Each structure stands twice: as structure tokens, then as C-alpha cells.
Amino acid sequence: MAKTTLGGIEMEIDEDGFIQEPDKWNKEIAEDIAKLESAYPMTEEHWKLVNYLRDYFLKYEIAPPIRMLVKQTGLDLKKIYQLFPGGPAKGACKIAGLPKPTGCV
Amino acid sequence: MAKTTLGGIEMEIDEDGFIQEPDKWNKEIAEDIAKLESAYPMTEEHWKLVNYLRDYFLKYEIAPPIRMLVKQTGLDLKKIYQLFPGGPAKGACKIAGLPKPTGCV
Amino acid sequence: MDEDTPLLDELEKGPWPSYVKEIKRMAKKNKAAKDLLGIQELSYKDRVTHWKHGGIVGVTGYGSGVIGRYCDVPEKFPDAAAFHTMRVNHPAGWFYSTKSLRQLCDIWEQYGSGMTNMHGSTGDAILLGTTTDNLQPCFDSLTEAGFDLGGSGSALRTIAGCVGQARCEWSNFDTLKLVYDLTMEFQDEIHRPRWPYKFKIKASGCPNDCVAAIARADFTIIGTWRDTLRIDQNAVRNYVDNGFDIKTLVVDRCPSEALEWDEKNKELKLQADDCVRCMHCINKMTKAIRPGVEGGATILIGGKAPIIKGAYLSWVLVPFMKIEPPYDEIKDLLRKIWDWWDENGRTRERLAELIERIGLKNFLKEMGIPPVPQMVYKPRANPYVYF
Amino acid sequence: MDEDTPLLDELEKGPWPSYVKEIKRMAKKNKAAKDLLGIQELSYKDRVTHWKHGGIVGVTGYGSGVIGRYCDVPEKFPDAAAFHTMRVNHPAGWFYSTKSLRQLCDIWEQYGSGMTNMHGSTGDAILLGTTTDNLQPCFDSLTEAGFDLGGSGSALRTIAGCVGQARCEWSNFDTLKLVYDLTMEFQDEIHRPRWPYKFKIKASGCPNDCVAAIARADFTIIGTWRDTLRIDQNAVRNYVDNGFDIKTLVVDRCPSEALEWDEKNKELKLQADDCVRCMHCINKMTKAIRPGVEGGATILIGGKAPIIKGAYLSWVLVPFMKIEPPYDEIKDLLRKIWDWWDENGRTRERLAELIERIGLKNFLKEMGIPPVPQMVYKPRANPYVYF
Amino acid sequence: MGRTDIGPPDYREMLPDAIKMNYGKWKYHENVRAGVLKHVSETGDEVYTVRVGSPRLVSIDFIRDLCDIADKYCDGHLRFTSRSNIEFITDNKSNVNGIIEEAAKLGLPAGGTGNSISNIIHTQGWIHCHSAATDASGLVKAIMDEMYEYFTSMKLPAFVRIAVACCINMCGAVHCSDLAIVGVHRKPPKVDNEKVLAQCEIPTTIQSCPTGAIRRNPDPNIKSVVVREDLCMYCANCFTVCPAMPLADAEGDGVAIYVGGKVSNARKPPMFSRMVVPFLPNTPPRWTEVVDVLKKIVEIYAGSAKKYERMGEWIERIGWEKFFRLTEIPFTDQHIDDFTHAVETYRTTTQFKW
Amino acid sequence: MGRTDIGPPDYREMLPDAIKMNYGKWKYHENVRAGVLKHVSETGDEVYTVRVGSPRLVSIDFIRDLCDIADKYCDGHLRFTSRSNIEFITDNKSNVNGIIEEAAKLGLPAGGTGNSISNIIHTQGWIHCHSAATDASGLVKAIMDEMYEYFTSMKLPAFVRIAVACCINMCGAVHCSDLAIVGVHRKPPKVDNEKVLAQCEIPTTIQSCPTGAIRRNPDPNIKSVVVREDLCMYCANCFTVCPAMPLADAEGDGVAIYVGGKVSNARKPPMFSRMVVPFLPNTPPRWTEVVDVLKKIVEIYAGSAKKYERMGEWIERIGWEKFFRLTEIPFTDQHIDDFTHAVETYRTTTQFKW
Ligand code: SRM
Ligand code: SRM
Ligand code: SRM
Ligand code: SRM
Ligand code: SF4
Ligand code: SF4
Ligand code: SF4
Ligand code: SF4
Ligand code: SF4
Ligand code: SF4
Ligand code: SF4
Ligand code: SF4
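Here it is, written out as C-alpha cells:
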């Protein structure tokens, strides 16, 4: 597994840049990933989504369904792709420090 | 619902003589029912079975399956019918103050 | 009549024999029957049953054979306040001498309402309506007369079989002998409930299944033959010569396309290998076609009504078994099944439901029965295999 | 060759065209293709896959269209360490001009391994093997050339249809037009996953179902006709006169016994009412029998592979629908279905599984579609009815 | 205390001589006329059976009447069939008419053989069962009055077996009959909390529900159960194990009609009956609506089926969609299965009729 | 950033003239010979299609070769079929032989039309998929080499569709093919607890299991899952959602063979393929055992089926018991279904053959 420096600390990441030590996640790390994901600088709306993802994950141990995400954040899918060109999975989840969404590709 | 005197107190019973106020059950009541069920005097083996039924019911809220009853008390079905001519359901359960076995007839 | 039964009276009209007439007939001389009539009229008026949930009553030493029943308006109908039925095990094949039938009537005149069902749908002679006090003396008189009670509750139920070799040319084994033998062997299992739920055995002498065993028995024995059906070509020609449309009515209806009518040679050809012994050609050409001579039965398991998981038709377990006294193979199999079911079954879980839950594969293993394609219509389609 | 591939070399032998030859052909000039060959040989030796669980990579603005893939022995095969595929949405009907195909080849020569699947089983042109860095420029070149990515992930998948009216006489509506129109309408749904799971749409022009829609699509559109099939009796006679055994090969094979061969009048009689439009007689007598003229389609839903609850074939939802631009009826229905599924479905629960869980009855109610017997083979057998 | 476990009488003592002598030697049989069978033995013996109808629910005097006939003509023996008909057996052909006439005097028709409508398999109903959602004996009488001509003749394409069960426990084995009438509830059980405490095993009650509609009462002070009414399909299985949960209701109760089942393995394998009328209200004493539907189905079947084609075989051939069209019975969402194996009934083909 | 959501090229720009002019006007077709179709239009036009086989997994140079042929004979157009064959279309009859010859030079046989074995629908296998329990392309090559004569002729009773899927996700839609080969695992997943923590959603993982075999690790300190191996049937669905649970294993993996499925609605409704060989080990490069079984089945089918009878129709007619007898494939308990709707496959009749 590769290592890289994020938020000033050395972090293990996988090939797609998802962090492998979820407990170490912090805002600085998030912003550093956001740079790689063309989602920088992070606005309030970026944070709203990232925080929602993170809170949801900590509570339920899964990423929220897109429908829920859209309903709860008030951001439609189009907008989400504007904020995170990589989309909710590749972009926002990565920044929020969630496990790599798997399932069906 | 009919009333009758069992173990010295007035008890509500159904048509088949099953007591309707399970919390009032005691040994005297049991022995009085046993008289009606031709299972009197109650020997140690009678009590073994009645107590097993009662304990099982209090723990699991159901009467034990016959197979369990036989295994756990060491009394085979033949013996049980000798002790309780009415059998485990009509005889022993009634004496043990359990609800009337329903299910399949 | 002092009873006023305008609704039931309607059912005295019409050509079919009337059960209302029958109740009235008894009501004249029997108080319980009279109250039964009243209760029935009340139900017709109210459009609900007036019987309460079953009681638990019985005779000494038995856990089954009696269905307790109480009326929910005992004040109005005191003579049918308790109205239990006794299930009297019928003689195999439902044959009776008038002597024994009259004895049954006399006993029931003395102890019951005088009303009966000849027969209940499991097969018992149902004596309909008596009191708790009368149960034991009635039972004693019954055994005196050579009768005994049948099954009820979580017990083996009264075993039934078709008329079989007694009056049917197609029976591939002696259904009555088997039914009687099993009934005698398993008296304890019939009279003393011990299992998770009821268990039913039925036997038909051929695939026509005249006791509807396949739909109603946990253990279903259906006669069949191992060799080839017998065709009398002369008799066949006789049918055809008399205008019987053998092509349309028999050949085209054979489910496995095993028959061919050779118009030229006037011969009915059988591809023996393909015959699935459905009985159709035999049924329709009784004088010309007969089952083979190597008789026996297919054993199927699991038939039942909808409660709880839905209805099941019985499944093939043993494609062919010789059925001969002392019937040890069948008895051993039954005991093995009961033991496994009793050990693994939940309360009120019938055999089919248990097997569905635990898997036919595991059941077969426990029974030591090797899998054969005859057990299934088709192999699995899903790839979810336990290796 | 510096690669030693004794196992794969075996697959260069034999008459069928060899994919190994194809890889070798590219391996000569492309490093990724060369490493692919090595990885494949290693798998043949080890008898396990050497690919790791899917990565998550893609192009800007899309959530789908790319399948990430990494090799588990990157040290040995650095040039195929990352080996993502791009799913390129094919033109409806898989028709290509050589011009556009050559463009595709050129782009893939520049950015990828040069290996492709023509086509993947959903229908995409699969560009097999590129690096994360190459994804975006490759995509940009593709769109430049008029191509776009297809679906992947929990999105609408690339829609496919049979060749239809382009080269088939039986197509009851214009499959290519419909496929193209729906694909254009639902670009957002294809490219940006949003649902509980994948969703597939396939369209066949007639019940022969040449894209296997009924087995593979959540939403299956199969052409049929509302009126009566057309028989050209002269052409029929031609077949028969030329020795075609119409009785055995057609009449007897009609699943609904709707056909009769009138030997005397040399006429093929149809009981139109009984025809279930199975296509058989049409298929076998192409010059004499044709579908009716009132074309449209049956809409079925729920087809899928075994994961999770087992495989499903699609079920009839709308027995007959006209399929004409602007296809509003179909689009509205799709949107309604997606909305309901998205609202009620669990993660990775496909439409059929959700309907099975919640009940077809409830689904119909939500869709506002009245129940008709055409939806079922047979009514329920169990009495467990919600009133 | 009397004897126990003696078992039923030995059938051998119950057989008439004509049967005993030819036991296991039968060669073939003929349907002489409706209600009369002739069985021919390898020995050359000919034995006649006269089958007559019975209401099944009978008095002991009725049985004595039967005995009188049997004593006169049948060597003092008789038998009942698996459908509760009565069979008088004789090896004397000239007895046949006598039996038929004497039975007729008692009001008992000869019939039920061959391609007829035989007696109805039925159950207790309001005569004896707490579980009944309808009456059985009354329904049977009303139906058989109407089907009488089919009992006494053999003019149908094949025989039609009818069964009645007064609740979905289906003691009448309704689930595999050509025509089946079953009593159904349509209201969820009403839970009597006090009675639950005294009379019911709560775990058994919860487990009894096929749809998981029963839960413990959330109030820990109430030792009872609650029913999630939206999940309840009124099967009454909870009532069977817990008397404190009755469902019977004059408005809620009624009957459903199922058709097309069969048991025999002749031609097609056994089949379940399938729902065609989800509900008709109880209209005692004659259940006219029910009888009308049945009559209509039988007549359409008689007119449309091929010879020897059972009801279910006929329907499978023409298709259920055509069955509903021909009978003009409305198809509703209740016809669509939604229980465990429901998906197996969904049509997975474009093949259908209009 | 480039354009997005432009969609695929408009099919109308991709059609050859011969097609454009007769679009929607086709009248009938003929099978001229294996690999050649003739479609006749209402306009009187005749259009010829030459279909040739393809390994599906091809290089860009292969495609360019195809384009060369199409440029020469087909107006610069070609198409692929739903089974990955290549179709060259021309309205000039005299082009047909040229196309066939040029394709042959490239090693591509004409065929796959009519009652043939067409190309195999298949999947990625060891070429690209992490989930694969076998290879697809290699299996396909090995099988098609053996079936070659059936591709280039039309001598079977009906066409036989083959599909290969490298795991039970069945991307190859194996579940409804006349012959289907599917990769299967036989070892439960090996859980890597550390990876689970970083890479998996635990609730999703638990829910993914069709048999409920996955639970949270009972040790609260280990945030991971455990697998009840007795409940696991190796479907790999957990692995799909959780990379930390691989199942691949050289000894455990192999293929199963399913037969008798179909998709078309012709005659019989669509049917699922059914298991006939539960497991054969992977024996790359030529999977001889697998190929032998398939060949045997095809030959027995070819010899026994009626004309126009698909594999599954043939088996339904003769019965599965006879199929197993004819093919001498052993019947095992693995053939007996034990998943959700298993009971629907159990034989509920005495009708069977030996
Ligand atoms: C008397 C009889 C109906 C009749 O009028 O013929 C009958 C009557 C009752 N049956 Fe039955 N069953 C009778 C034959 C059947 C049959 C037919 C058979 O045995 O061939 C069946 C269908 C076959 C089967 O067992 O699956 C049958 C399936 C049931 C069921 C549903 C069982 C299931 O697994 O689905 C129940 C409910 C239960 O067991 O709790 C039931 C329960 C009952 C109870 C005991 C009611 C109850 O819920 O406790 C009925 C008592 C009625 C009464 O008051 O007399 N009865 N019951 C039949 C027994 C007479 C006899 O001994 O000859
Ligand atoms: C007496 C009885 C057996 C018994 O032990 O009591 C009996 C006796 C005969 N049956 Fe039966 N069957 C009897 C109930 C049944 C049943 C069970 C039922 O109805 O519940 C069935 C299965 C019904 C079903 O499939 O749903 C049954 C399915 C048959 C068949 C199969 C017909 C078919 O095509 O499906 C035959 C053959 C035939 O009729 O061609 C048959 C034939 C016969 C024969 C001809 C057998 C023989 O050679 O003696 C007997 C006279 C039939 C007749 O009535 O014309 N018997 N028969 C039963 C009479 C009942 C009654 O009173 O009406
Ligand atoms: C080109 C193609 C459609 C496409 O858009 O690509 C196609 C084209 C034709 N199909 Fe097909 N079918 C094509 C895949 C299919 C499939 C799908 C599949 O194989 O995965 C099916 C369903 C298969 C199944 O049932 O499992 C299919 C089931 C049929 C049938 C039904 C045959 C049957 O009896 O079941 C016919 C009618 C016939 O052959 O008599 C048919 C008939 C035809 C006709 C004759 C239609 C016509 O009039 O033009 C075409 C030439 C057939 C031939 O090859 O002899 N086509 N056809 C596909 C060629 C695949 C290939 O390369 O081999
Ligand atoms: C590429 C392709 C196979 C091929 O070589 O042709 C493919 C490849 C994969 N499929 Fe598929 N599926 C492909 C068509 C199908 C089809 C056929 C179809 O779409 O008509 C099916 C059956 C129809 C269906 O959807 O039910 C199919 C049913 C699955 C399933 C099981 C879905 C189910 O509900 O049962 C999975 C598992 C999943 O979704 O997690 C899956 C998953 C996968 C994954 C993504 C593996 C995974 O677990 O994540 C495979 C990626 C392989 C790779 O590395 O490239 N794939 N997959 C096909 C897509 C190519 C294309 O876009 O044209
Ligand atoms: S089941 Fe067969 S053997 Fe028994 S009576 Fe009916 S036809 Fe005769
Ligand atoms: S018994 Fe049935 S399967 Fe056998 S030949 Fe006669 S009709 Fe055909
Ligand atoms: S599905 Fe029908 S319309 Fe489409 S190509 Fe096949 S045969 Fe022609
Ligand atoms: S299309 Fe099929 S169902 Fe209709 S007449 Fe032709 S063969 Fe029969
Ligand atoms: S069917 Fe129901 S109501 Fe009728 S007797 Fe059986 S349990 Fe009682
Ligand atoms: S009636 Fe049936 S479904 Fe309703 S609560 Fe009782 S057991 Fe459950
Ligand atoms: S079938 Fe399985 S292994 Fe093959 S491509 Fe699909 S998911 Fe991958
Ligand atoms: S492989 Fe399938 S059955 Fe086994 S644990 Fe994983 S999901 Fe469950």
C-alpha cells in the first residue's frame, strides 16, 4: 500500500487515494485530498456534504444512499458533481475519509 | 367462567378445570386438581414432572415439547400416562397451572 | 316442533338428502340434538359460529381421540353446552358389517347426541356431541364392541387407504392390509401425542389416488408397478371396432407420448421406457390395459393444508418400494422420519416445512436415502450450492 | 517473443479464432498488452485470478463508465499494474461506419492497451486496460469523436436493442429509434449513479427476443402485435407442396393449439383468439406467415442474474403498449418505477427483489396499473389474502 | 377402566363374501349406469356396486336405515367411500334395482360414479367448529341441490370433485379440488389481553403467525400481544393456538372460491386449486351467489372442455386469462399471489391471450 | 474538460445504404447457407448478410482488418451481433463469396446462423475480473474449437446457445442458455480483519449475504465480521462489497455446467438453465473435462431431439431422469435445490421414468 503526506502527516492510501487509517482523518487531510480531487477551495457547501457523509458513516457505518444525501443536504446531484467533479463516491467520500464505495460498478 | 374451591381458595377455572389465575397457583391447588385428575396422592415422580413443567413454563412461557419432557425428567411417555391418566396435557399441565394446551387437536 | 327454524327449514327442500332433516330426526328424541339444531339456526341468523375454542377433555390413558367443544351460549342451549366429538377409528376401507354399525349406533344412542359424520375427512367415524362425563363410559362401550378411538392432536392420525384390492383391479398392493397393520403397530403413536404436530399417513393402491393421499398426508403411499403395463391387443381392437376414438382419447392424452396407434396393424404400441404410469390409458380402456405385475408403491412425503407456510403436495422420496408384510421397510422409515422430525421440528411445524427449512439434502442424508432424479421435476437453477 | 507462455500458446491452436493471438498481436507494440499476456499466463499456471478488487476511478463529472482494476502482482507486471476499462456506449444496433470504428481504434492505440471487447455483454464497446492518468484525455478524445461512456455502478446501464427494423421483418416497433431516444433522454441517469443498484433496459422487436432482454433487463420491452398474424395461404401451399411437414413441424408445435391444417382445402386455419404470438409458425414459415400490423410491445420488469435472491425472468407488467415517439408513456413509467424503487429499495436490491419483498400488488397500486390476468401464469393457490 | 389400544375392527371381518372371494383378483370394471359399477373378477365373478349419496352429517337412525337395505340385499355389509357416499355391494345383478329403489325411498340418489359430480368433501362449519368462517353442511346441501343432475348422470367431460372447508385450515383438502369453497375471515383478530394471560403461550402465539404480524405488547405491564393489522391476512392461525384472539365477524366472514385442482396422477400431475373469487358474503341458508358462480363455471367447463379433460387441465389449456374472460369473473389484485412463492406465478413470457 | 452527456453516435449515421433504404420494409428472409442470410424487402431489394465468428477479445488491428473488408464490400459499414459475431451486409449478391474468403483469410469462419451453435456469450475471467473463479476467453476458445463444425453448419435440431460466466454473478446471462458454464468457488471467504476496518461497510457486508452467514465479529474490540462457514455457499457476494473477503482458491475454484435454458418465447416460455454438473476443476489451457461433457450433451441432443426442439424443450419432453440416464452424468444431492423456492422443483407426482 502506498504512503503519502496528507494534512502534514504520513498516511497510508490505496491506489485510488482512499485513506486506509480512517481514525486519523481530520479537516486538513480532507482539504489536501480535495486539492487532488479538484474540489478545492472547500466552500461551506463542500463541508456540508462532507460532514453529512462523515456523520452518517460514523452513525450507521455505511455511506448514505444518494437519495438520502440529496434530500438531507438540499444539494441536487448536478450540484454535487459541480462541487465534486469526481462525484459523491470518488470525490466526496474520499475527502470525507470513508471506505472506498464498492458494490456494483 | 366457573368458580371452584382449590387449595382452600376460590379459583376461577374454565370448563375443563384449567385455572384462570395462574399467579395464584400453589402446591395445595395442584394437589386438589390432582385429585380430580386421578393423579393423587402425588408422589415424588408426580412432582418432578409438575415442577419441571412449571419451571419450564415460567422460564420460556411455553409448555415443553414432549420429547424434551421425557428426556429431561427421565420418565417415558408410558410412565407419564400411568402417573397422569389424563396425559401430559390434560393431566400434568392442568395440575401445574399452565394455560390449556391448544394447538392441534 | 317447539323449535322455530325458518332458515334451516329452507335446507329441507331440494333433491339432495338434507342434513337438517337428519338433525330434526334426532332432535325429536335427543335433547343435545335438539339444542344443536337451535345453535345451528342461531348461526344462520347471526352468520357466525357459536362454538368456543376447543376444550381439552379425553379418556383415561389417551391424549387424543376426543375433540372438546363448548357452546358460547350455554344458557340458551344447556343440552349442547358441552358437545365433544369422539373420533372412532374406521375399519380399513370403510367396510362395515351391519352388526357392528348397529352396535355403534346403539352406543351413540346411549351416550351421545345420536348425530354422526360418516366419515370425517381424515377417515374416522365421527360421533358428534357428548358431555365430558359421558366420554369414559362411551369409550368403554366402544372398546367392548371392538372399536377404538382414532388420532387427534400432535399425534399420528387415523390412517386411511383406498378400497384397493378389495374391489379394485388396479391396486398394486394390498392397501387394507397395510393400513390395518400400520394402525395396529402404531397404536401408541395414535393415542398419545408426542410430536411437534400432527402426522398423517394415507395409502392409495394406484396413481389415481382415490384417498387423495398426495395432497393430505405427510407420508403418502401410492401404488405403482416396476415393470411394463399389460396390453391385450385383441381387447384394444374391440374398443376401436366399437368406435372408440383411441387416437384422440388415449394416444394424444398420454402425458409422455409413450403410445402410438398403428392403424395399419391395428396395434397399440407402447414405448415402455417412456411410460410414466399415469394410469390414463388404463383408466379409459379398463378391459384392454392393466398395470404391470411387479407391484409396489412410490413413497412420497410432506403433503398438507396451508397452515403455516402454505399447502404442499407430497414429494417423491422413494420411487419404488415393495409393499409386503411385515412392512418392515416402511415401518423403519417412518420411525426414522419421526425421530428426526421430533428432534428438529419446531412446535406446529409439519414435516414438509421442517424439510424446507433444513433442506431436503440434509434430510436425505439423515435418512440414508441416496438422491435420484426421480425426486425432482428438475435440478436446481440457482448456483447456490453447499459443497 | 521474450514472454514465455506455454499454456496460452495451446490456445493458438484449433480452428476457432484465438484471443491469445490477438493479445500477442498487440503485445508486440504495446507494453500494457504485453503485461496482460503475462498476467493471463500466470493465472493459467496458478489457476486463480490476479486482479484485485475493483478500484474507483473515473472521469470528471461522471460517476460511471469506467471500471477500475489493479493487478495483484504489480512488481512483475508494472505496465498493467493499473488496467482500467472504459465502457463506450455503442451505437444502437451495433452498426458502425468503418470511419468511426477506425477513430475508436486510433484513440485506443494512443491511450490504452489496444485490446477491446466488441462487445461487452451489456452492449458496450469495452476498451480494456488503461491507466488512471489516461482516463480523462482518452474520454476527451472519445467525445471529440462522437462517442460517450456507457453506464456502470448503481446507474442506468447502457441500453441495448436487437437489430429490429433495420434488418428484420418481424420487428413490431423501431427498436433502434427507441433505444437511441431513451439513451439520449437518460444521459444523466446513465452517467451519475443515484439508485440502490444498477438498472437495465433492453428492447427486442419481437418475442424471439434476440437481445435476451427477458432474462437480463429490469425493464424489458418486447415487440408484439395486438391484432392477428397474417397468413398467405398461397405461400403456405408452396411450403407444403415442397414437402414441408406442416403438421409435425408447425401445427403440432403451436403451444396453444391455435393452428389446424385443413388437408382437404390445403388451408392453414388459425383460431386467432387462441394464438399467444409465440412466433414459432412465423419463424418456420418466413415467407408465408407474418406478425399482425398493429405493432407495439409487451413491457416486462425484473429480469436479472442470481445475486442476491436468485435469478428472475422478467414479468409482464403492461401486456400491450404502443411504442411511438416521443415515447412518453414509457418514459413516464420508467420515472415512476425509479422513483418508487429509489424510495423503497435497500442497497443492492434490484427491482424484482424489492417487488417480491413489498408485493406486486402494492407496486401495481403505486404505478396506477390495474391488475389483469395476463400478468400471471395463474392466480394464487394460497388463501393468504390481504383484504 | 376399559381396554385401550385395541385398534379398529379387523377389516377382514367387515368384508361381504362377494368381496372376500375375489379379493385381489379383480380384472376389470364397467360403469353400468350412473351410480352402478360392475367389477369382474379373474374367477369370472361379477360384483355390482350401487353408490348412493349421503349428507354425511347423519343420525344413527339413518345408519340403521342403511343397515336394513344391506341386510336385505348385501349379505349384511356395506361400505362408505372416501367421499362419504354409501356403497351397497352385491354379486346378484337382480338386487341392483331393489337397492336403488329402497335408497330412493330414503331420499338417497344413486350416482356419483364416472364423469359425474360426486359428493362433496366437507367439514364441520357452524355445526361444530370454533374456527369456522362459514357453514359447511349448509353450503354442501345448497350446492348439491343445484348440481343434482350431475350427480345422477355421467355427462360431464370428466368428473368434477368439489370440496368445502369452513376455514383456511382446509380440513376438506380443498387445496386440490376441481371446485373448492373455503370460508375466509377478513378482519384481524381482536386481542383480549386478560384471556391471553390465562390461556395463551405468548411465544407460541407469536411464532404462529405466517407473516410475523404478532408482537409482544410493548407495554411491559401488559403480558399480552398486539397485532400489526397491516400485516395480518386473517388466517386465524393465532386463534388456533390462542383462544383470546377471535376473528369471527358476521360482516367480515364469507367464502372464497378456488378452482382447477386435482389429486390424481392421471395425465397431468396433481395441481393446487387456484383462487377465482376472493370473497362472497355468507348468505345462509342457500348461499345463492356462491352456488350461481359454481354452476356457471361447471356449465362453461362442460361446454368447452375436451372429453376426459379435468377442470384444471382445461383451464391450463385455454389459459387463465381466457377462463376469466369466459366466466366473466372480475380479476383483481387479490388474485395475484403475494405469499412466499408468489414469483413463481408471475408470467415470464410474452405468451398470453386477450 | 471535454463535452459530457453527448450520448452514443446516432445509429442512423451508422447504417449502410442498403439498410437505410429498406428500413422497416423487410418482408421475409432465407437462410442461404451457414453464415449467410438473405433478407428480402417489400421494395424487392435483396440484402445479404455474412456473419463471421469473433473471439470478442480482440485487438484494434483486428478491428481495422474488419474495416478493410467492410470498405471493400460493404459500403464502409459493418455491424456486431448480440453474440459478438460480425456481420457484413451487402445488397450485391456477388460480394458474398468475396467476404467469406477474405474473412477466412483472417481466420474468421462464416456461420452461426440457423440451427447452429453460434458464438458464446462470455465475460472477463482472468483477463480482467477480480471475481473470476475461472477464465472465460480460454474456456470459450476451447469449447468453440470443439464445436466448430456446428458453427459452420446448420445441422442441429435447433440452435444451441452457449454462455460462459466466470463467476455466479453471471454477467454472461448464463442463467437462460441451452448450455452454460459458470465459474464457482467452493471455499468460504477468508476475512482480513484489518482490511475490513479500512475498506468495508460492515452493515452492507452483513446484508449482502443471501444466506445470512455473516455476523459482526463477536469480539467488540475487533471491528470486523465473521463467516459461519456451514451457511456459506461461496457466492462471493460479500467479496463484491467488501474487498477484504476474497474466496479465490486454486483447488476450490472450478466450473459448473447448466443446461436447458432459453430466452425466446417461441413455443415454450423462457426457461432457466439447470445444473447438470455441480463442479469440474479448472484445467487450463483446454478444460478438457468440461469440453467433453458439453460435446457429449450436444451429440446426444442432436441424436434424440425432434426437429426445431431446443435443448430445454427436449429435456422437458423426455424428462430430467432420462436426461441423466442418457448422458450418464451422476445425479447428486447438489442437484437438488435447497434455496428459496426449492420446493417448487420437488416432484409432486408418481409420474416419472426410470
Ligand atoms: C373433523 C375434521 C373435519 C371434518 O368435518 O371432517 C377436522 C376438524 C378440525 N380440524 Fe382438521 N379436521 C379434519 C381433517 C383434516 C384434514 C383432512 C385429512 O386429514 O385428510 C386436513 C388437511 C390435511 C392436513 O392435515 O394438512 C385438516 C387440516 C387441519 C388444519 C391445518 C393443518 C395444516 O398443517 O395446514 C388444522 C389447524 C391445526 O392443526 O391447528 C385443523 C384443525 C382442526 C380442528 C381441530 C380445529 C382447530 O383449529 O383446532 C377442527 C375441529 C373441528 C371440530 O370441532 O370438530 N385441521 N384437517 C376432520 C377430521 C375428522 C376425522 O378424524 O376423520
Ligand atoms: C370408491 C372410491 C375409493 C374409495 O376407497 O372410497 C373410488 C373408486 C374408484 N375410482 Fe376413484 N374412487 C374414489 C375417490 C377418488 C378420488 C378422491 C376424491 O375424490 O377425493 C380421486 C382423486 C380425485 C382427484 O384427482 O381430484 C379419484 C380418482 C380416480 C381416477 C382419476 C381420474 C382422473 O382422470 O383424474 C379414476 C380413473 C377414472 O375415473 O378414469 C378413478 C377410478 C376409480 C374406479 C373406477 C377404480 C376401480 O377400478 O374400481 C372406482 C370407481 C370409480 C367411479 O366412481 O366411477 N378414481 N377417485 C372413491 C369414491 C369417492 C366417491 O364416493 O365419489
Ligand atoms: C443478429 C441477431 C440480432 C442482433 O440484433 O444482433 C439475431 C438475428 C436473427 N434472429 Fe435471433 N438474433 C440474434 C440473437 C438471438 C438471441 C439472443 C442470444 O442468442 O443471446 C435469441 C434468444 C436465444 C434464446 O432463446 O435462448 C434469438 C432468438 C431467435 C429465434 C427463436 C428461436 C427459438 O426457436 O427459440 C429466432 C427464430 C428462429 O431462429 O427460428 C430468431 C431469428 C432471427 C432472425 C432470423 C430474424 C430475422 O428475420 O432476421 C435473424 C437471423 C437469425 C439467424 O442467425 O439465423 N432469433 N436470437 C442476433 C444474432 C446473434 C448471433 O450472432 O448468433
Ligand atoms: C464487462 C461485463 C462482462 C463482459 O465481459 O461482458 C461485466 C463485468 C462485471 N460485472 Fe457484470 N458485467 C457485464 C454484464 C453483466 C450482465 C449482462 C447484461 O448486462 O446484459 C449481467 C446479468 C444481468 C443482470 O444485470 O442481472 C451482469 C451481472 C452482474 C452482477 C449480478 C447482478 C445481479 O443482480 O445478479 C454483478 C455483481 C454486482 O453487481 O455486484 C456484476 C459485476 C460485475 C463486475 C463489475 C464485477 C464486480 O463484482 O464488481 C465485473 C467487472 C469486470 C471487469 O473487471 O471488467 N455483474 N453483468 C459486462 C458489462 C459490459 C458492458 O458494459 O457491455
Ligand atoms: S387408488 Fe387406484 S387402486 Fe385404489 S381404488 Fe382408486 S383406482 Fe383403485
Ligand atoms: S399409463 Fe399413462 S404414461 Fe403410461 S402409457 Fe398409459 S397414458 Fe401413457
Ligand atoms: S427480436 Fe425479433 S425483431 Fe428483433 S431481430 Fe430478433 S427476430 Fe427480429
Ligand atoms: S404464433 Fe405461436 S401461438 Fe400463434 S399460431 Fe403461431 S405457433 Fe401458434
Ligand atoms: S376447516 Fe376450519 S372451521 Fe372447518 S372444521 Fe376444519 S378447522 Fe374447523
Ligand atoms: S390471523 Fe393470521 S396473519 Fe393475522 S395475526 Fe393471526 S396468525 Fe397473523
Ligand atoms: S461473471 Fe463474475 S468474474 Fe466474470 S466478469 Fe462478471 S463479475 Fe467478473
Ligand atoms: S460467499 Fe456468499 S454465502 Fe458465503 S459468506 Fe459471502 S455472501 Fe455469504
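Protein chains in written order, with our numbering: chain A, 300 to 404; chain B, 300 to 404; chain C, 9 to 395; chain D, 9 to 395; chain E, 19 to 372; chain F, 19 to 372.
Built from N, CA and C at the ideal position, the CB exists for glycine as well.
All values derive from a computational prediction rather than experimental measurement.
Leaving out the 5 sequence neighbours to the left and right, which residues in its chain are closer than 7 Å to residue i when beta-carbon positions are compared?
| i | result |
| --- | --- |
| E:C85 | none |
| E:T301 | E307 |
| E:A231 | V245, R246, L249 and C250 |
| D:E275 | Q241 |
Residues in the same chain with beta-carbon distance under 6 Å from residue i, minus the five sequence neighbours each way, listed in chain order, please.
| i | result |
| --- | --- |
| C:M9 | In this predicted model, C:M9 has a pLDDT of only 44, less than 50, meaning its place in the structure is not dependable; the value taken from the coordinates is given anyway. So no residue of the chain qualifies. |
| D:A130 | Note that residue 130 of chain D is Thr in the sequence shown here, rather than Ala. Once the five neighbours on either side are set aside, the close Cβ partners of D:T130 are R165 and T166. |
| E:V361 | none |
| F:T224 | The sequence as given places Ile at residue 224 of chain F; Thr does not occur at that position. Excluding sequence neighbours, F:I224 sits near I232. |
Measure how close the beta-carbons of residue i and residue j come, nearest whole angstrom, since I'm counting them as under 8 Å.
| i | j | result |
| --- | --- | --- |
| F:Y166 | D:P23 | 5 Å |
| C:T124 | C:L136 | 6 Å |
| B:E344 | B:L382 | 6 Å |
Once the 5 residues before and after residue i are set aside, which same chain residues still bring their CB inside 8 Å of it?
| i | result |
| --- | --- |
| D:I366 | N352 |
| D:H127 | H98, W102, A133 and I134 |
Restricting to Cα atoms, I'd like to know which of the options is closest to residue i.
| i | options | result |
| --- | --- | --- |
| D:T183 | D:G304, D:G300 and D:E197 | D:G304 |
| C:A211 | C:D347, C:R202, C:K185 and C:A35 | C:K185 |
| D:R356 | F:C227, F:E48 and F:W338 | F:C227 |
| F:G337 | F:F370, F:G125 and F:K56 | F:F370 |
| D:P25 | F:N103, F:K90 and F:H47 | F:N103 |
| F:V202 | F:N235, F:M188, F:L126 and F:V259 | F:M188 |
TODO: With 8 Å as the C-beta to C-beta threshold (strictly closer), list the residues of the segment 60-77 of chain E near chain C in chain order.
DONE: V65, T67, G71, S72, P73, R74, L75, V76 and S77
- [ ] With 7 Å as the limit, tell me which residues of the segment 260-285 of chain D have their beta carbon closer than that to any beta carbon of chain C; keep them in chain order.
- [x] Flagged: no residues at all.
TODO: Please list, following the chain, all residues that have a C-beta closer than 5 Å to any non-hydrogen atom of ligand 11.
DONE: One residue list follows from the rule of a beta carbon closer than 5 Å to any heavy atom of ligand 11, given in chain order as F:T141, F:Q142, F:C147, F:S149, F:A150, F:A183, F:C184, F:C185, F:N187 and F:C189.
Open item on the list: Tell me which residues of the segment 63-74 of chain D have at least one Cβ-Cβ distance to chain A shorter than 8 Å, keeping chain order.
Closed with: G63, I64, V65, G66, T68, G69, Y70, G71 and S72
Task: Quiz: which residues have CB nearer than 7 Å to ligand 12 non-hydrogen atoms - done: F:P206, F:P207, F:S226, F:C227, F:P228, F:T229, F:A231, F:I232, F:V245, F:L249, F:C250, F:M251, F:Y252, F:C253, F:A254, F:N255, F:C256, F:F257, F:M263 and F:L265
Open item on the list: Output needed in chain order: residues of the segment 113-140 of chain D with a Cβ under 7 Å from some Cβ in chain A.
Closed with: Taking 7 Å as the cut-off between beta carbons, none of the residues of the segment 113-140 of chain D comes near chain A.
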